[in-house]
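**Q**
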Amino acid sequence: MASNQQHQNHPPPLGSRIAIIGAGVSGLAAAKQLRHYEPVVFEASDCVGGVWKSCSYESTKLQSSRADYEFADFPWPNRDDQSFPSYVEVLEYLESYGKHFDVLKFVKFNSKVVDLRFIGEPPTAADFGGKRPGEYGSLLPGQQVWEVAVQTNNSDSIQWHSFEFVVVCSGKYGDIPKIPVFPNNKGPETFKGQVLHSIDYCKLDKEAASQLLKGKKVAVVGFKKSAIDLALECAMANQGPGGQPCTMLVRTLHWTVPHYWVWGLPFFLFYSTRFSQFFHRRPNESLLRTLLCLLLSPMRRGLSKFIESYLLWKLPLLKYGLKPDHPFEEDYASCQMAIMPENFFAEADKGKIVFKRSSSKWWFYEGGIEFEDSTRLEADVVILTTGYDGKKKVKAILPEPFRSLLQLPSGLLPLYRGTIHPLIPNMAFVGYIESVANLHTSELRSIWLSRLVDNKFKLPSVEEMLEQTSKEMEIMRQSTRFFKRHCISTFSINHSDEICEEMGWNAWRKKNWLLEAFSPYSGQDYEQNK
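For the sequence shown, position 272 (counting from the first letter as 1) is numbered 276 according to my numbering, and the numbering increases by one without interruption.
Dropping the structure here:
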C-alpha cells in the first residue's frame, strides 16, 4: 500500500515535472494545454482515444454533430456534415489532434499507472487557516513529490518515477464494470449460458460478435445508450430465418430523443443558451434570482412537457410501455439523455426487439433470468450493460488520506471547478464532470488548469472552494432524482463564466447581446485569443 512517509531517495524523474494519467479525450486536452512543460502521458493501452477505443461497438456513434464535439482550435475537416460520426471517425479526429499539436511524443503507451505515493506532509484546511493556498497551483521544487508506479506491457516489474504535479485523466467509464450483486447460488455461475458485460462485448470483432448473437436468445440488461445500441446490433444479427428476438430487461426508464429538433425547433433553444438556462437554478445566485426561478418554474416544467409531447408523438413509447414517469428535464439535468438509433423501433415492430419491464429483484437460474415474482426469462446469452465504476480506478491508486477525501455518499467526486480538490496538493482531475459536450468541458478545464499551474491567477480560500463545490452538488441534487453524476448541463454556461472570470477572461464570448441570449455556446467560443 502506498505510504506518505518521507523517502530519502526519490525515484528518478522522466525529464518532466508533470505526469498525466490517460490519453483519452481529457488526457489529450490536458497534454496540449500543458505541452510547454513536456509532460509524460501514461496510457495503459496501445493507442489514444480512451473509451472511444475500449468501449465502442461496431455501431457506436457520437451523439451529436461534429461541430458540437470539437476542440476550440482544431475543427473537424468536414464539420458541416450533420451526420453523427462513427467511433472510428472520432478516433481518427483525436489522433489527428494529437499529431497536429505534436503531443503524441509525450505519450508512453502500454504503461499502466498502478499506484501513487505522496512524499511530503499532506495539508489540511487548518493549515491554510481560511487563507488562499498560495502556491497550490504552481510547481513546488523538492518539497512535495508524487511518486508514480508504472507497469509496462503487462510485465511483472513495476517502475517508480517522481513528478511534481499529476493530472488524473483515467476517465469515468471503461476498465472496471459494475456487476450486480446476486444472492448465493443465484449468480452467473448458475446459468448454463454465457454471461458477459458490455465491456467484454466491445472486445469482440465484428465476426465474433455476430457469432455470439446470431440465432441466440439474448437478454440485454439495461436501457441506456449502450443497451439500446447493443439490442439493435443483436436485432440486425438475427435477421432472416432462425433469427431470435433480443429481450431488453428494463428496470429504470429514461427519455430518449430521435434527433435534436422538437416540433421544428432546434433543441439548443431549450437548454443550451443563456436565456434558456436562466430558468434553472445555479450556484451563487442572489435571493432575487432564486425567487425569480421559483416564479418561473411553471414555465420550465411547461418546456419539459412540450419536449415530452413531441417525443411521445415521434416515438412509440406508449405502445411499448417505455414512457418514463419523471420529467424530461430530470434526465437532461443528470446527463442521461440518449439519442435513439433511427431504425430501433422498426426492429421492435418486427418483433426483433422485445421489452421486459421489471422493477423487482432478479437473479440467474440455469436457463436464464428469474424474477422475484417467480416469472422467468429464457436466455442463451445475457449481456450486462450496467455501467462502469471509474471512481474505483482513481481510488485504487490514490493513497490515504487523499482517497477518503473523494468518498462521498452521493458517489460524486467533490472537485472545485470539476478539476481539483483543495486538500490534495499538486494534483488535478480532468474528465470527471459532465455536460452536454464533454469534450468542450474537459478542454476548458484543461485551459484553466494550465493557467493555474503557470500561476497566472490565485485560487480562492480552501473554505470558499469547498463551499462552491457543495453548492454545485446541492443544485444538482435539487434538479434531478438521478443524482449520481457531477452533471452541470442546466448551468453549464454559468459554470464556464465563472472559470473565465477566474482566469481573467471576458465571460461573455459572443459578438452581441442577441447572440449571447439566444445562440448556443460551443468550444469555438472559448478560443484563447478571443
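Note that the Cβ used here is the ideal one computed from N, Cα and C, for glycine as well.
(1) Can you give the Cα-Cα distance for Met-507 and Asp-529, rounded to whole angstroms?
(2) How long is the line joining the alpha carbons of Leu-236 and Phe-167, rounded to whole angstroms?
(3) Can you find the residues in the same chain that come closer than 8 Å, C-beta to C-beta, to Pro-345, ignoring five residues on each side of it along the sequence?
(4) Please classify Thr-379: is it buried, with 16 or more other beta-carbons within 10 angstroms of its beta-carbon, or exposed?
(5) Candidates Arg-121, Lys-309 and Asp-84: which alpha carbon is nearest Ala-400's?
(6) Could you tell me the boundaries of the beta strand (DSSP E) in which Val-117 lies?
(7) Taking only the alpha-carbon atoms, compute the straight-line gap between Lys-176 and Arg-285 and give it to the nearest angstrom.
(8) What do you get for Trp-150, buried or exposed, if any count of 16 or more other CB atoms within 10 angstroms of its CB means buried?
(9) Ignoring anything shorter than 4 residues, give me the alpha helix (DSSP H) runs that lie fully in the segment 421-480, in order along the chain.
(10) Around the Cβ of Leu-292, are there at least 16 other Cβ atoms within 10 angstroms (buried) or fewer (exposed)?
(11) Mind listing, in chain order, the continuous beta strand (DSSP E) runs of no fewer than 3 residues lying wholly within the segment 204-280?
(12) Would DSSP call Arg-304 helix, strand or coil?
(13) Output the distance between the C-alpha atoms of Leu-298 and Arg-304, rounded to the nearest integer angstrom.
(14) Buried or exposed: where does Asp-377 fall if 16 or more other Cβ atoms within 10 Å of its Cβ makes it buried?
(15) According to the neighbour-count rule (16 or more other Cβ atoms, all chains shown, within 10 Å of its Cβ), is Ile-357 buried or exposed?
(16) May I ask which residues mark the beginning and end of the beta strand (DSSP E) holding Trp-367?
(17) Whose CA, out of Asp-384, Leu-427, Cys-504 and Ala-212, lies closest to the CA of Thr-473?
(18) Under the DSSP definition of a beta bridge, which residues are partnered with Thr-156?
(19) Look up Phe-78 in the DSSP assignment and say whether it is helix, strand or coil.
(20) Report all residues from its chain with a CB closer than 7 Å to the CB of Glu-447; omit the five preceding and five following residues, and keep chain order.
(21) How is the alpha helix (DSSP H) around Phe-406 delimited, first residue to last?
(22) If we count the other Cβ atoms within 10 Å of its Cβ and call it buried at 16 or more, is Pro-145 buried or exposed?
(23) Indicate whether Gly-102 and Ala-35 have their beta-carbon atoms separated by less than 9 Å.
(24) Just to confirm, are Cys-59 and Gly-178 a CB contact at a threshold of 9 Å?
(25) What is the DSSP secondary structure of Ala-27, reduced to helix, strand or coil?
(26) Is the beta carbon of Asn-114 less than 9 Å from the beta carbon of Asn-157?
(27) Quick one, which of Asp-329, Arg-83 and Leu-38 has its alpha-carbon nearest Leu-108's?
(28) In angstroms, rounded to a whole number, what distance separates the CA positions of Met-431 and Ile-24?
**A** Let's see:
(1) 15 Å
(2) 46 Å
(3) Ser-63, Ile-232, Asp-233 and Leu-236
(4) exposed
(5) Arg-121
(6) 115-123
(7) 26 Å
(8) buried
(9) 442-457
(10) exposed
(11) 222-225 and 250-254
(12) helix
(13) 10 Å
(14) exposed
(15) buried
(16) 366-369
(17) Leu-427
(18) Ser-115
(19) strand
(20) Ala-33, Phe-75, Ala-76 and Gly-527
(21) 406-409
(22) Caution applies to Pro-145, whose pLDDT of 43 falls short of 50 and renders its modelled position unreliable; the model cannot decide the point.
(23) yes
(24) yes
(25) coil
(26) yes
(27) Leu-38
(28) 10 Å
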